[in-house]
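Engineer: Under our numbering, think of the first position of the sequence shown as 3, with each following residue one higher.
For every residue, glycine included, the Cβ atom is placed at its ideal position computed from N, Cα and C.
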Amino acid sequence: ALAAECQTAGYSGVLIPYKCDLTRVEDIQSMFAAIKAKHKGVDVCINNAGLAHPEPLLSGKTSGWKNMLDVNVLALSICAREAYQSMKERNIDDGHIINLNSISGHIVINSSDVHFFTATKYAVSALTEGLRQELREAKTHIRATVRLQCCLPSFKNTPLVLV
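Now the structure itself:
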């Protein structure tokens, strides 16, 4: 629906929806292969996916922690790597890798239900800085940036809000 809306509005470029389970490396790699086959590769990667489970450090379920790590940290890293490789293969030197983050990547909120989630968002900040350093070391002009979400989940009526 969003792709059609963008096209109808006259925006240039192509938005391609692709179903992908970010907890499965094979799905992520398949998505990048499909993009390569249809559009030659990725010039801009926006890592927007993220999730949270109310799993405190002292009593949380390991499965919830693992799911947050898989999506918020590993998937983001895999997508950044695959996007960079796509750009490098095609000599794209002005691409962008944008990691959307949360305020929880910068402060620790006094709520036990979000402490593990907060750790994953601090990881996003650290990974983005590491990516920036590696891109600089590779002498590329590809940019890695972190953006805070304009609408922070902790201030919206979502499962992250504790009543």
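Report back the beta-carbon spacing between residue 99 and residue 85 to the nearest angstrom; my notes put them in contact at under 8 Å.
Structural biologist: Rounded, the Cβ-Cβ distance is 5 Å, consistent with contact.
Engineer: When the Cβ atoms of the segment 60-67 are set against those of the segment 8-16, are three or more pairs found closer than 8 Å?
Structural biologist: no
Engineer: Measuring only the C-alpha atoms, how far is residue 39 from residue 110?
Structural biologist: 42 Å
Engineer: Out of 114, 7, 24, point me to the one whose CA is closest to residue 79's CA.
Structural biologist: 24
Engineer: Which ranges would you report for the alpha helix (DSSP H) in the segment 4-46 if only whole runs of at least 4 residues count?
Structural biologist: 4-10, 27-41
Engineer: Tell me whether residue 103 is buried or exposed, calling it buried when 16 or more other Cβ atoms sit within 10 Å of its Cβ.
Structural biologist: buried
Engineer: If I measure Cβ to Cβ from residue 95 and keep anything under 8 Å in the same chain, skipping five residues before and after, which residues do I get?
Structural biologist: In the same chain as residue 95, and ignoring 5 residues on each side of it, the C-beta atoms closer than 8 Å to its own belong to 89, 142, 143, 144, in chain order.
Engineer: Cβ of residue 146 within 8 Å of Cβ of residue 130?
Structural biologist: In this structure, residue 130 lies closer than 8 Å to residue 146 by Cβ.
Engineer: What did DSSP end up calling residue 92 once you bin it into helix, strand or coil?
Structural biologist: The answer is coil: DSSP assigns residue 92 none of H, G, I, E or B.
Engineer: With 8 Å set as the bound, which would you pick, yes or no: does the beta-carbon of residue 137 sit closer than that to a beta-carbon of chain C?
Structural biologist: Looking for chain C here will not work: only one protein chain is present.
Engineer: When we look at the beta-carbon of residue 50 and count the other beta-carbons within 10 Å, is it buried (16 or more) or exposed?
Structural biologist: exposed
Engineer: Can you check DSSP and say which residues form a bridge with residue 101?
Structural biologist: 49, 148
Engineer: Can you look up residue 80 in the DSSP assignment and give me helix, strand or coil?
Structural biologist: DSSP places residue 80 in helix when its eight states are reduced to three.
Engineer: Spatial neighbours of residue 82 within its chain, please: C-beta separation below 8 Å, excluding the five flanking residues on both sides.
Structural biologist: 47, 49, 99, 101, 129, 133, 146
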